[in-house]
Amino acid sequence: MAQVLADVSWKVLELRARSKRSGSVYEPIKSSDLPRPDNESLWDKLDRYYRIVKLTVLNYQSPKTGLFPAKTFGDCKNAKIHDSLYCAASAWALALAYRRIDDDRGRTHELEHSAIKCMRGILYCYMRQADKIEQFKQDPRPQKCLHSIFNIDTGDEILSYNEYGHIQINAVSLFLLYLVEMISSGLQIIYNTDEVSFIQNLVFCVERAYRVPDFGIWERGSKYNNGSTELHSSSVGLAKAALEAIDGFNLFGNQGCSWSVIFVDLDAHNRNRQTLSSLLPRESRSHNTDAALLTCISYPAFAVDDDALYNQTLDKIVRKLKGKYGFKRFLRDGYRTALEEEHRRYYKPAEIKLFDGIECEFPLFFIYMIIDGVFRGNTEQVKEYEELLDPVLFFGLDGCPAVPKYYHVPADFVEAEKMNPNSQKRFPSNCGRDGKLFLWGQALYIIAKLLVEELISPRDIDPLHRYVPLRDQRNIRMRYSNQGPLENDTMIHVALIAESQRLQVFLNTYGIQTQTPQQVEPIQIWPQQELVKAYLHLGVNDKLGVSGRPDRPIGCLGTSKIYRILGKTVVCYPIVFDLSDFYMSQDVMLLIDDIQNALQFIRQYWKMNGRPLFLVLIREDNIRGSRFNPILDMLASFKNGNVAGVKVHVDRLQTLISGAVVEQLDFLRINDTDDVPEFKSFEELEVPKHSKVNRQASIPIADMEHQPEINIGEWKHKPTYEILQKLNDCTCLASQAILLSILMKREGPHFITKEGTVSDFMERIYRKAGSNKLWSVVRLAASALGKIVDSLAPSITNVLVQGKQVTLGVFGHEEAVISNPLSPGVIKDIIYKKCSPYDEREAVLQQELVIHIGWIISNTPELFSGMLKIRVGRCAGRQAKRSSMGYIL
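First residue of the sequence shown: 1, per the UniProt record's numbering; consecutive thereafter.
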C-alpha cells in the first residue's frame, strides 16, 4: 500500500513539474515509432529533411536581416550570432545534399541563399559596428567589442555592455570559420572590397584571442558568474581554427583576385595554438572542464592537432559531465536549475555550491558526440549516442523532431537528487517542445542526421578538410594558403650578413663566409619594423573608418619568409637583432640563447611548403672584447650545419631564395594619386677603406668598473642649473644617467641640454652603456625612458594559462595581481606605476624576470607545480640581496 501511495505521489509531482514549465504532459515519442516508408528514395529522404528544415528552422528566419531569433515563442526580437550561424549551417548542409540530385526543383538555390542571407545579415550587423572594431584592435576591452546579439528586424544594437556579456571571441571566430567553409563549397557571400577590408579587420581582432578574456560560449565568463571574464579554451580554439582556415583564403572564391586574399599573422596564430595546448584539457581558470570544449576539439573547429590531447580532453568531458539526458555544461552550473533565481544576473559568492549535483543536462551534446563519431569513423560512438538521444527527443503532431534545450530536476526532487545522485527523473524545458524550439539544437540535429544517413559526407560540410588528422594531411592541398602540416624536422636555411666589409674580411680569416647588404642587391634587407609599416596598409578602408593592421611586431615565423613589395624583393632579419629592441638583446650570451630558441621554435612550428629563411645579422659591436669567442663558436656551429640540435644550411642569400616561401603583398598597390610609401632598408656600415675591426671595448675597463661619482639622494634636490653644469663636466656614464633621470622627472623628456634633449641624451647613454655591459646604467636609462620589452604580454599569458597568477610590484609595497591576460600598454602602466616610485631599475628588472619565467614555464611547467602565484617582485628582491650594492651590476 505504501508503495502504491508513493507511486501516485511521484506521478502528481511529475505532472505538477511539467505543468509549471510548459503545460504539456505528453511523453517523448521515439523516432522509431514514427511511420516511415520502406526503401525510401534519395528524393524522399531529402524531402523529409527539407520539410523538417522549413518547419523547424527556416520558418523563423527574419525576412529582413536573415537572422534567427533566440526564442521562437513570444515577441522575441533578439538574434544571437552564435545560434544564427548554426541555423545557416543546417540550411547549407541540406543544400549540399540536394546537389546530388539533378532536378532539385529549386531547393538547392533556396537553401543556399537562405544560408547566404543569414551570413550577410551577420556581416551587415558587424559592419555597422566598424567603429568598435577599430577601437577593439587597439584596446581589446569588453566595452569596445562587437556585440553578439542584435535586433532581428533592424540589425540594431540591443542591450548595453552592462546588461549583457557581449565579448565572445568564439562567435566572431565561428562566423569566420563558416564563412570560409561556405565560400569553399561554392557560395558567394562577399561582394566587394569594402567587405574584404572589414573581414581583414575582423581577423586582426581574432588574432589576439590568446590574450583576450571573454564571457565564453555560455555568456557568463567565470564559473562563479560574477561578471568577470576569463581566457576560455573553446574561444581560443575556435580562433585558432578560424585563423588557419582563412589564412591566404580568397573571399571571392574562384573568381577572386589578389586583393581579395586575407592575410594572417603566423606568429599570432602560433601563440593561439600554444595557449590552447597549455589550457587544455581545462576550459579556463575556473572551469575544470566544460561541454563547450566539444565545439573546439571536434566539429566545427577541429582545433586540436595532438591526438593524445584530444583524447584526454574528450575523456574528461565524458567522465565528468555525461548524464542520462545529456551533458552538463560544466560542474556546479546553476543555469535554469530550481535553485537559481532567474531574475538575478550574478550569483552571490560561493552560491554555486547550491547547484552541485542538480545541474541541467543538455541533449545538444549527445548530437555533438554523434557528429564527432561520424567524422572520426567511430560507428560504435554514433550508435551509443543515437540510442541516448532518441528517448529524450519530442515529435510534434507535424512529425518533426524537437530537441529539448535541457532537462532539469524540479524543486520537489532537489533534495532527493542531492542525497542520491542520478536517482530522480528529470523533466524537459519549455524550449524544445510545444512549438517552442531550441534552434541551436534543431540545426545541429539536422546536420547530424544528414551525416548519419550519408546524405552528406564529412568532406561536404568541411571542404577545408579540417577533420583530417594532421598526420594524414600531407597530400591535401590546403585552400589558397601556403600552410601545410607541421614538420618537426625542418631544415632551416641561414644567410650570414655582416654589417660592414671590414667585418666580412675579419670573419673570413676565421673561415666564416658572410655577405654584406650591398652584395645581396637587388634584394633588400629590412628590419621587421619596416615590414610592420608595410602591413599598416593592409585592411585600410576610409569609407568604413578602419585603419590597417595594428602596430604589432612581426615574429620570427613572419621574418622567415621572402616578400615581394612594390616590385622589390625583401627579406627581414628577426627582431632579436633589432637595436631598437629592449636592451636584453645587447647581452651577447642572451642574444645567442635567443637565436638558438628562435631556430628551435621555427623548426618545431614552421608550417609552410617552402624552407624557412633565417637571417643572422652580425654587427661589429658583437665581436668586441670578451664577446668574440661565444659569437665565433656560434658561427662555427652554423658552418657545421647544426645549431642547438637544429639542422641548418648556410649559403648565399641569392641561392637560398629559390627554396623559400614568397609572400606577395599586393595590397600595397599604388594608384597615380597615391603617395608611394617610403621604406628604409638596412644599410651597410660605412667605414674607411683598409681599416681594421676594433675588437677592444670602446670604454676602458677601469672606467667601466667606475662607480657613480654622485649620490642620487644628494642631487635630487639641487637646482637645475647645477645639475646641468655637473652634467657638462661629468664623463662617467653612471653619473650622467643619474643626472639625466633627475632632469627627466623634473623638466620632462624634451628639456634641452648641451647634448640635445634629455631623452635623446639618455638614449645615447643607454646604447653606449649596453655596448659596454654596464647593466646597472642600462637599467636606469631604460627605466627613465620607459622601455618595454617585446613579448611581455605573451610571457605573462604563458604563466596564466598554466593556472598561475602573477604579481608585479616592489616586494614590501603594494603589488598588482594579474589573473587575466592584459595588453602590453596596461602591463607597462602597472609595472612603472608600482615599481618606479621605489626603485628606478626595478621596472625593467621585473620585465627581464617575466620574460625568463614565461619561457621556463612554457618549456618545463613541472618546475612550477604546486605554485598558485608567482611574485615577480619577490624574485627581484632576492636577486637584489645577492648583489652587494643592492642591485645587479
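For glycine and all other residues, C-beta sits at the position ideal for the given N, C-alpha and C.
Roughly how many angstroms lie between the CA atoms of Asp460 and Asp156, to the nearest whole one?
Position 460 of the sequence shown holds residue 460. Position 156 of the sequence shown holds residue 156. Roughly 34 Å between the two C-alpha positions.
Quick check: what's the CA-CA separation for Asp551 versus Ala498?
As a working note, residue 551 is residue 551 in the sequence shown. As a working note, residue 498 is residue 498 in the sequence shown. Each residue's Cα considered, the two are about 28 Å apart.
Gly548 and Tyr535: beta carbons closer than 8 Å?
Mapped onto the sequence shown, residue 548 falls at position 548. Mapped onto the sequence shown, residue 535 falls at position 535. Cβ atoms of Gly548 and Tyr535: closer than 8 Å.
If we count the other Cβ atoms within 10 Å of its Cβ and call it buried at 16 or more, is Asp44 buried or exposed?
Within the sequence shown, residue 44 is the residue found at index 44, counting from 1. The residue in question, Asp44, is exposed, as its Cβ has fewer than 16 Cβ neighbours within 10 Å.
Taking Cβ positions, are Gln168 and Phe215 nearer each other than 8 Å?
Reading the sequence shown from its first residue, position 168 is the one you call residue 168. Reading the sequence shown from its first residue, position 215 is the one you call residue 215. Yes, they are a contact pair.
How long is the line joining the alpha carbons of Phe136 and Pro410, rounded to whole angstroms?
On the sequence shown, position 136 is the one that residue 136 refers to. On the sequence shown, position 410 is the one that residue 410 refers to. Those two C-alpha atoms are separated by around 43 Å.
How should Met119 be labelled, buried or exposed, when 16 other C-beta atoms within 10 angstroms of its C-beta is the threshold for buried?
Here the question's residue 119 lines up with position 119 in the sequence shown. Met119 is buried by the Cβ-count criterion.
Taking the continuous beta strand (DSSP E) assigned at Glu663, which residues delimit it?
What you label residue 663 is simply residue 663 of the sequence shown in a count that begins at 1. It spans 662-664 - the beta strand (DSSP E) in which Glu663 sits, taken as one unbroken run.
What's the call for Ser783, buried or exposed, on a 16-neighbour Cβ count within 10 Å?
The residue labelled residue 783 in the question sits at position 783 within the sequence shown. Buried, because 16 or more other Cβ atoms sit within 10 Å of the Cβ of Ser783.
Can you grab the Cα-Cα spacing for the pair Phe263 / Val206, in whole Å?
Taking the sequence shown and counting its residues from 1, one reaches residue 263 at position 263. Taking the sequence shown and counting its residues from 1, one reaches residue 206 at position 206. Rounded to whole angstroms, Phe263 to Val206 spans 12 Å at the Cα level.
For Asp139, decide whether its Cβ has a neighbour in chain C, counting only Cβ atoms nearer than 8 Å.
Absent from the structure is chain C; it holds one protein chain and no more.
For Phe330, which residues in the same chain have their Cβ closer than 6 Å to its Cβ, ignoring the five residues on either side in sequence?
Mapped onto the sequence shown, residue 330 falls at position 330. For Phe330, where only same-chain residues beyond five positions count, the Cβ hits under 6 Å are His287, Asp290.
Under the rule that 16 or more other beta-carbon atoms within 10 Å means buried, what is Leu314, buried or exposed?
Counting from one through the sequence shown, the residue named residue 314 turns up at place 314. It is buried - the Cβ of Leu314 has at least 16 other Cβ atoms within 10 Å.
Would a C-beta distance cut-off of 8 Å place Tyr299 and Phe362 closer than the cut-off?
As a working note, residue 299 is residue 299 in the sequence shown. As a working note, residue 362 is residue 362 in the sequence shown. No, these two residues do not count as a Cβ contact at 8 Å.
Just reading off the alpha helix (DSSP H) that Ile133 is part of, what are its end residues?
Within the sequence shown, numbered from 1, the residue matching residue 133 stands at position 133. 130-138 is the span of the alpha helix (DSSP H), which, as asked, contains Ile133.
Nearest-angstrom Cα distance between Arg874 and Lys833?
Here residue 874 is taken as the residue at index 874 of the sequence shown, counted from 1. Here residue 833 is taken as the residue at index 833 of the sequence shown, counted from 1. Straight-line Cα distance between these residues: approximately 17 Å.
Determine whether the beta carbon atoms of Leu792 and Ile851 lie at a separation below 8 Å.
Against the sequence shown, residue 792 aligns to sequence position 792. Against the sequence shown, residue 851 aligns to sequence position 851. Contact flag set, yes.
Would Ile723 and Val799 be called neighbours here (beta carbons separated by less than 8 Å)?
As a working note, residue 723 is residue 723 in the sequence shown. As a working note, residue 799 is residue 799 in the sequence shown. No, they are not a contact pair.
Let me check one thing: in DSSP terms, what residues is His649 bridge-paired to?
What you label residue 649 is simply residue 649 of the sequence shown in a count that begins at 1. DSSP output for His649 lists His493 as bridge partner(s).
Which runs of the alpha helix (DSSP H), 4 residues or longer, sit entirely within the segment 31-106?
For the segment 31-106, whole alpha helix (DSSP H) runs of length 4 or above, ordered along the chain, are 42-56, 81-98.
Ignoring anything shorter than 4 residues, give me the alpha helix (DSSP H) runs that lie fully in the segment 517-553, in order along the chain.
As far as the segment 517-553 is concerned, its whole alpha helix (DSSP H) runs of at least 4 residues are 528-535.
Is the beta carbon of Trp526 less than 8 Å from the beta carbon of Cys572?
Against the sequence shown, residue 526 aligns to sequence position 526. Against the sequence shown, residue 572 aligns to sequence position 572. Taking 8 Å as the Cβ cut-off, Trp526 and Cys572 qualify as a contacting pair.
Are at least three pairs of beta-carbons, each pair with one atom in the segment 712-720 and one in the segment 763-771, less than 8 Å apart?
The segment 712-720, when compared against the segment 763-771, does not touch it at the 8 Å Cβ threshold.
Classify Pro401 as helix, strand or coil using the three-state DSSP reduction.
Taking the sequence shown and counting its residues from 1, the one referred to as residue 401 is at position 401. Of the three classes helix, strand and coil, the one that applies to Pro401 here is strand, per DSSP.
Taking 8 Å as the cut-off, decide whether the C-beta atoms of Thr275 and Ser234 are in contact.
Taking the sequence shown and counting its residues from 1, one reaches residue 275 at position 275. Taking the sequence shown and counting its residues from 1, one reaches residue 234 at position 234. It is not a contact, given that the beta carbons lie outside the stated cut-off.
Looking only at C-alpha atoms, which of His493, Val494, Pro517, Leu55 sits nearest to Arg502?
Along the sequence shown, read from residue 1 onward, the residue named residue 502 stands at position 502. Closest option to Arg502, Cα to Cα, is Pro517.
Which residue marks the beginning of the alpha helix (DSSP H) containing Ile602, and which one marks its end?
By 1-based counting over the sequence shown, the position of residue 602 is 602. Note, Ile602: alpha helix (DSSP H), 588-605.
Please list the terminal residues of the continuous alpha helix (DSSP H) segment that includes Leu808.
The residue given as residue 808 occupies position 808 in the sequence shown. Not the alpha helix (DSSP H): Leu808 falls in the beta strand (DSSP E), residues 805-808.
State the start and end residues of the unbroken alpha helix (DSSP H) segment that holds Asn170.
Along the sequence shown, one-based indexing puts residue 170 at 170. Its alpha helix (DSSP H) spans residues 169-184.
With respect to the beta strand (DSSP E) encompassing Ile618, which residues constitute its N-terminal and C-terminal limits?
As a position in the sequence shown, residue 618 is number 618, starting the count at 1. First-last of the beta strand (DSSP E) with Ile618: 613-618.
Should the segment 675-686 be called in touch with the segment 505-522, which here means at least 3 C-beta pairs below 8 Å?
As far as the Cβ criterion goes, the segment 675-686 touches the segment 505-522, which means the pair count is three or higher.
Looking at C-alpha atoms only, which residue of Val382, Phe438, Gly756, Phe761 is the closest neighbour of Gln736?
As a working mapping, residue 736 is identified with position 736 in the sequence shown. Gln736 has its Cα closest to that of Phe761, out of Val382, Phe438, Gly756, Phe761.
Since Phe395 and Pro404 are thought to touch, with beta carbons under 8 Å apart, how far apart are those beta carbons, to the nearest angstrom?
Position 395 of the sequence shown, counted from the start, is the residue given in the question as residue 395. Position 404 of the sequence shown, counted from the start, is the residue given in the question as residue 404. Not really, about 12 Å apart at Cβ, beyond 8 Å.
Measure the Cβ-Cβ separation of Phe582 and Pro458 and say whether it is below 8 Å.
On the sequence shown, position 582 is the one that residue 582 refers to. On the sequence shown, position 458 is the one that residue 458 refers to. Cβ distance not < 8 Å, so Phe582 and Pro458 don't count as in contact.
Taking only the alpha-carbon atoms, compute the straight-line gap between Ile352 and Cys360 and give it to the nearest angstrom.
The residue given as residue 352 occupies position 352 in the sequence shown. The residue given as residue 360 occupies position 360 in the sequence shown. Between Ile352 and Cys360, the C-alpha separation is close to 13 Å.
Looking only at its own chain, which residues have a Cβ that is under 7 Å from the Cβ of Ile189, when we skip the five neighbours before and after it?
Here residue 189 corresponds to residue number 189 of the sequence shown, with the count starting at 1. So the qualifying residues of the chain are Ile116, Met119, Arg120, Leu179, Met182, Ile183.
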